[in-house]
Ligand SMILES: [Zn+2]
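Okay, here's the thing in structure tokens:
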């Protein structure tokens with residue numbers, strides 16, 4: 005019974021299904037209840053504590069189980085181990101308590117603070133970000149220009165149950181031909197109003213991101229060209245459908261591409277993480293995701309510029325921190341035709357390996373949720389709450405082209421790596437709600453080039469030759485996508 009419970013615990017690290025953990029707990033409990041005097045009875049209790057701590061992320065319950073162990077097996081051989089875990093847990097719980105106290109204080113004053121306004125802008129596109137202390141509800145309104153009072157068209161957001169800080173009061177003068185300025189003020193006792201004065205009528209999309217909570221407003225100039233390009237299409241059921249179309253029905257595929265008729269001239273590559281955010285890391289931080297992807301991005305830029313006519317920009321070319329919303333803003337400002345975010349994967353199971361490529365949508369499987377939560381630096385729970393905003397945004401987010409690009413790049417990488425490493429795992433193209441892809445106005449994908457937690461893949465990822473193969477593969481994928489989109493494209 006003990007061993008089968010251990011097996012179910014291990015199984016969880018492959019399946020990620022909580023029902024496997026629950027089965028393990030049930031088995032441990034049954035053992036401990038029915039065979040009280042067996043030498044494994046206290047081990048079973050210890051393991052229950054371990055499951056709550058390590059996998060269920062419930063330190064309070066874990067602590068409780070370990071107290072039971074103390075009481076029921078005062079002379080058991082698991083006491084030393086249990087004490088060690090209890091000490092770790094009590095530190096953790098104290099921290100958690102402090103955090104909750106802080107939240108309770110916030111609730112007492114009732115109002116959430118509006119911390120500051122940030123923005124990035126050009127004459128065609130502006131992104132304004134409102135930073136807050138916690139999640140809130142907000143309304144979005146448009147006011148027509150008032151010629152009598154010389155007032156321009158205005159967009160405003162009413163942030164419910166909020167109070168303004170002095171830093172947020174500062175007005176931002178933008179005057180980029182699209183927005184004149186952004187300003188925030190205390191509209192009434194518990195509402196802060198953020199107003200965007202517009203020079204010209206634009207398209208706007210407000211959405212919010214979590215942990216920390218912030219509201220993002222994208223304003224875009226409406227050009228005649230974008231009017232013409234406006235199209236409606238029925239969202240296919242799955243990316244597999246695209247792929248099937250691309251392979252089996254060449255005619256339909258070409259006509260779709262002609263319909264979209266987009267040129268690719270500028271590409272923004274985004275090396276994930278950076279600065280204070282290392283991404284995933286192992287060996288006491290000797291290998292960090294932020295460094296691997298930065299090196300790869302620099303080499304990829306060189307390769308693409310050598311082999312195509314495209315101009316490539318990096319969101320960062322050194323070890324600096326960039327917020328996720330700034331990365332997409334850079335792509336929008338650079339008027340990129342493609343956006344590619346590079347990342348390294350991680351898994352609690354060291355045996356998991358392979359390459360996968362994502363585009364923006366709600367995640368369809370549990371592991372994609374987990375990957376997105378990790379890359380967004382938020383919890384899986386918060387992520388599932390994103391469903392509403394994602395559904396709207398996906399429609400604006402070049403869903404079809406992104407899926408095509410994802411398939412081309414994934415196939416490019418796998419075909420190149422396969423030449424030297426036949427055992428490479430093709431984890432395929434997947435969908436998940438990545439913050440860094442939200443609001444991108446061009447086809448955009450996120451590539452997970454391999455698992456740092458897998459020792460074979462880790463060695464490969466820091467190997468120059470392997471990196472060159474990956475770059476060749478990504479470049480091949482981009483070229484394939486570009487060639488299909490640019491009729492006058494000359495490949496290298
Ligand atoms: Zn990452």
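In the working numbering, the protein residues as written are 5 to 496. Don't be surprised by glycine CBs; every beta carbon is placed ideally from N, CA and C. Computed from a predicted structure; not experimentally measured.
**Request:** Would you tell me roughly how many angstroms separate the C-alpha atoms of residue 473 and residue 122, rounded to the nearest one?
**Result:** For the purposes of this step, residue 473 is identified with residue 469 of the chain shown, where counting begins at 1. For the purposes of this step, residue 122 is identified with residue 118 of the chain shown, where counting begins at 1. Near 39 Å, if we compare the C-alpha coordinates of residue 122 and residue 473.
**Item:** Other residues of its chain near residue 203: CB distance less than 7 Å, five sequence neighbours each side excluded
**Value:** Within the chain shown, numbered from 1, the residue matching residue 203 stands at position 199. Sequence-distant partners of residue 203 (beyond 5 residues in either direction) whose C-beta falls short of 7 Å from its own C-beta, in its chain, are 156, 181, 182, 183, 184.
**Item:** Bounding residues of the beta strand (DSSP E) (the contiguous stretch that carries residue 155)
**Value:** Counted from its first residue, the chain shown places residue 155 at position 151. Note, residue 155: premise wrong, no beta strand (DSSP E); not H, not E.
**Prompt:** Does the beta carbon of residue 506 fall short of 8 Å from some heavy atom of ligand 1?
**Reply:** The structure shown does not extend to residue 506, since the chain spans only 5 to 496, so no value can be given for it.
**Item:** Local conformation of residue 481 per DSSP, three classes
**Value:** In the chain shown, counting from the first residue as 1, residue 481 sits at position 477. Residue state, collapsed to three classes: helix.
**Request:** Taking 8 Å as the threshold, find out whether the stretch 366-375 comes into contact with the stretch 414-427 through three or more Cβ pairs.
**Result:** Taking a contact to require three or more Cβ pairs closer than 8 Å, the stretch 366-375 and the stretch 414-427 do not qualify as touching.
**Prompt:** Cβ-heavy atom distance between residue 290 and ligand 1 below 8 Å?
**Reply:** As a first step, residue 290 must be located in the chain shown, where it is residue number 286. The nearest non-hydrogen atom of ligand 1 is 8 Å or more from the C-beta of residue 290.
**Message:** Just to confirm the assignment: which complete alpha helix (DSSP H) runs, minimum length 4, are found wholly within the stretch 133-218?
**Reply:** With a minimum length of 4 residues, the unbroken runs of alpha helix (DSSP H) contained wholly in the stretch 133-218 fall at 170-173.
**Prompt:** Between 426, 363, 160, 455, which lies nearest to residue 4 when the distance is taken from Cα to Cα?
**Reply:** Within the shown structure, residues of the chain are numbered from 5 to 496, placing residue 4 beyond reach of any answer.
**Message:** Based on DSSP bridge pairs, tell me the residues matched to residue 451.
**Reply:** As a first step, residue 451 must be located in the chain shown, where it is residue number 447. 346, 361.
**Item:** residue 123 CB to nearest heavy atom of ligand 1 below 8 Å
**Value:** By 1-based counting over the chain shown, the position of residue 123 is 119. Not under cutoff, so the answer is no.
**Proximity test, residue 297 beta-carbon vs ligand 2 heavy atom, cut-off 8 Å** = Of the ligands this structure carries, namely ligand 1, none is ligand 2.
**Sub-9 Å separation of residue 69 and residue 49 beta-carbons** = Mapped onto the chain shown, residue 69 falls at position 65. Mapped onto the chain shown, residue 49 falls at position 45. Yes, Cβ-Cβ distance for residue 69 and residue 49 is below 9 Å.
**Request:** Provide the residue span of the alpha helix (DSSP H) that contains residue 318, from first to last.
**Result:** Sequence index remark: in the chain shown, residue 318 carries index 314 (1-based). Careful: residue 318 lies outside any alpha helix (DSSP H), inside the beta strand (DSSP E) at 315-318.
**Proximity winner among 103, 299, 40, relative to residue 347 (alpha-carbon distances)** = Taking the chain shown and counting its residues from 1, the one referred to as residue 347 is at position 343. Among 103, 299, 40, the Cα nearest to that of residue 347 is on 299.
**Request:** Determine the direct distance from the alpha carbon of residue 438 to that of residue 297, and round the result to whole angstroms.
**Result:** Here the question's residue 297 lines up with position 293 in the chain shown. Here the question's residue 438 lines up with position 434 in the chain shown. Computed Cα separation, rounded: 17 Å.
**Request:** Hey, could you find the ends of the alpha helix (DSSP H) residue 273 is sitting in?
**Result:** As a first step, residue 273 is located in the chain shown; it is residue number 269 there, counting from the start. Here residue 273 belongs to no alpha helix (DSSP H); instead the beta strand (DSSP E) covers 270-275.
**Message:** On the DSSP letters alone, give me the boundaries of the beta strand (DSSP E) that residue 422 sits inside.
**Reply:** The residue you call residue 422 lines up with position 418 of the chain shown. No beta strand (DSSP E) holds residue 422; the alpha helix (DSSP H) holding it covers 403-424.
**Message:** For a test of the three-state rule: what should DSSP assign to residue 291, helix, strand or coil?
**Reply:** One-based indexing of the chain shown puts residue 291 at position 287. Three-state DSSP puts residue 291 in a strand.
**Asked** Per the contact definition of three or more C-beta pairs closer than 8 Å, is the stretch 337-345 in contact with the stretch 124-138?
**Response** The stretch 124-138 makes contact with the stretch 337-345, as at least three CB pairs between them are under 8 Å.
**Item:** Alpha-carbon spacing of residue 428 relative to residue 357, whole angstroms
**Value:** Stepping through the chain shown from its first residue, residue 428 is reached at position 424. Stepping through the chain shown from its first residue, residue 357 is reached at position 353. If you take the alpha carbons of residue 428 and residue 357, they lie about 8 Å apart.
**Message:** Looking only at its chain, what residues have a beta carbon closer than 8 Å to the beta carbon of residue 33, apart from the 5 residues adjacent to it on each side?
**Reply:** Here residue 33 refers to the residue found at position 29 of the chain shown. So the qualifying residues of the chain are 48, 52.
**Rounded Cβ spacing between residue 224 and residue 160 (contact assumed at less than 8 Å)** = As a first step, residue 224 must be located in the chain shown, where it is residue number 220. As a first step, residue 160 must be located in the chain shown, where it is residue number 156. About 18 Å; that fails the 8 Å criterion.
**Item:** For residue 307 and residue 314, the rounded distance between their alpha carbons
**Value:** As a working mapping, residue 314 is identified with position 310 in the chain shown. As a working mapping, residue 307 is identified with position 303 in the chain shown. Going from the Cα of residue 314 to the Cα of residue 307 covers about 10 Å.
**Message:** Using a Cβ-Cβ cutoff of less than 6 Å, which residues in the same chain neighbour residue 243 once the five nearest sequence positions on both sides are dropped?
**Reply:** Locating residue 243 in the chain shown gives position 239, where the first residue counts as 1. With a pLDDT of only 40 at residue 243, under 50, the local geometry of the prediction cannot be trusted, and no value is derived from it.
**Message:** Quick test of your reading: residue 284 and residue 147, contact by CB under 8 Å. State the CB separation rounded to the nearest angstrom.
**Reply:** Numbered from its first residue, the chain shown carries residue 284 at position 280. Numbered from its first residue, the chain shown carries residue 147 at position 143. Not a contact, Cβ separation roughly 46 Å.
**Prompt:** Is residue 215 near ligand 1, in the sense that its beta carbon is under 8 Å from a heavy atom of that ligand?
**Reply:** Your numbering for residue 215 matches position 211 in the chain shown. Checking the Cβ of residue 215 against ligand 1 gives no.
**Prompt:** What is the DSSP secondary structure of residue 41, counted as helix, strand or coil?
**Reply:** On the chain shown, position 37 is the one that residue 41 refers to. When DSSP states are grouped into helix, strand and coil, residue 41 belongs to the coil group.
**Asked** Does DSSP put residue 486 in a helix, a strand or coil?
**Response** The sequence position of residue 486 within the chain shown is 482, counting from 1. Judged by DSSP in its simplified three-state form, residue 486 adopts helix.
**Whether residue 379 touches residue 450 by CB criterion (9 Å)** = Locating residue 379 in the chain shown gives position 375, where the first residue counts as 1. Locating residue 450 in the chain shown gives position 446, where the first residue counts as 1. Yes.
**Asked** Can you tell which of 409, 481, 367, 381 has its C-alpha closest to the C-alpha of residue 421?
**Response** In the chain shown, residue 421 corresponds to position 417, counting from 1. Ranking 409, 481, 367, 381 by Cα distance to residue 421 puts 481 first.
**Request:** Keeping to the same chain, check which residues put their C-beta closer than 8 Å to that of residue 140; ignore five residues upstream and five downstream.
**Result:** Counting from one through the chain shown, the residue named residue 140 turns up at place 136. Excluding residues within five positions, the ones whose Cβ falls inside 8 Å are 116, 163, 164, 165, 166, 217.
**Asked** How many angstroms separate the CA atom of residue 267 from the CA atom of residue 341?
**Response** Taking the first residue of the chain shown as position 1, residue 267 is located at position 263. Taking the first residue of the chain shown as position 1, residue 341 is located at position 337. Note on geometry: alpha-carbon atoms of residue 267 and residue 341 lie some 7 Å from one another.
**Message:** Nearer than 8 Å: is that true of the beta carbon of residue 283 relative to any heavy atom of ligand 1?
**Reply:** On the chain shown, residue 283 is found 279 positions in, with the first residue counted as 1. Because some heavy atom of ligand 1 lies under 8 Å away, the Cβ of residue 283 counts as near it: yes.
**Item:** Per-residue DSSP class, three states only, for residue 444
**Value:** Locating residue 444 in the chain shown gives position 440, counting from the first residue. DSSP places residue 444 in coil when its eight states are reduced to three.
**Request:** Could you tell me which of 87, 294, 430 sits nearest to residue 360, measuring between CA atoms?
**Result:** On the chain shown, residue 360 is found 356 positions in, with the first residue counted as 1. Here the closest residue by C-alpha is 430.
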